[in-house]
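Start counting at 1 in the sequence shown, then tack on 722, and there's your number in my numbering.
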Amino acid sequence: MAFDRMESATYLASLLAKSLSRALQERGNKLGFAPGQFPVLLELWSEEGLTQKQLLDRLDIEQATMANTLARMERDGLVVRKKHPTDRRAQQVFLTSKARDMETEAKEAALAADQSLFTGFRRFERELMLEYMRMAIANDTRN
């Protein structure tokens, strides 16, 4: 069987991820965040004061990537790190007022990015695609 990239889920998922990232980047740049920072922002909007380790566990990314992302977010005025009250080795991550103030607009930007890529989809097609994506992600975590 010959490999056909247009029949490859991994290839198509890669293209889709790039498209979604670009769509979010265009909108996020105007607000002051990068696509790679958005998952961290979502976690911190949900619960502030997480440690870098907690963020790593929740987002399933490499330690070096998280360290770089947090450093950039700190530089950009989105987060501050404070010493953990009981663990001298850890720091807690908190949002700045700038990051808190952009929550609604950032979430709207992500929704708009989604909508732009789902243009022409009927509602049930969008729902099916999202369900299939969740199933594939769940399968990946079992392997």
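Glycine residues also receive a C-beta, built at the ideal position from the N, C-alpha and C atoms.
What you are looking at is a predicted structure, and each value in this text was computed from that prediction instead of being measured.
Where the alpha helix (DSSP H) containing residue i begins and where it ends
i	result
Leu-753	731–753
Gln-774	774–781
Gln-759	No alpha helix (DSSP H) contains Gln-759, which DSSP labels as neither H nor E.
Ala-835	825–839
Met-795	785–797
For residue i: DSSP bridge partner residues
i	result
Arg-803	Val-815
Whole-Å CB distance - residue i paired with residue j, under 8 Å assumed
i	j	result
Leu-792	Val-802	Contact doesn't hold; Cβ gap of about 10 Å is too wide.
Phe-760	Leu-746	6 Å
Ala-831	Leu-753	6 Å
Other residues of its chain near residue i: CB distance less than 8 Å, five sequence neighbours each side excluded
i	result
Ala-860	none
Exercise. Are at least three pairs of beta-carbons, each pair with one atom in the region 762–772 and one in the region 801–820, less than 8 Å apart?
Worked result: yes
For this session: Take every Cβ of the region 738–754, pair it with every Cβ of the region 834–852, and state whether three or more of those distances are shorter than 8 Å.
Result: In this structure the region 738–754 lies against the region 834–852, because at least three pairs of beta carbons, one per stretch, are closer than 8 Å.
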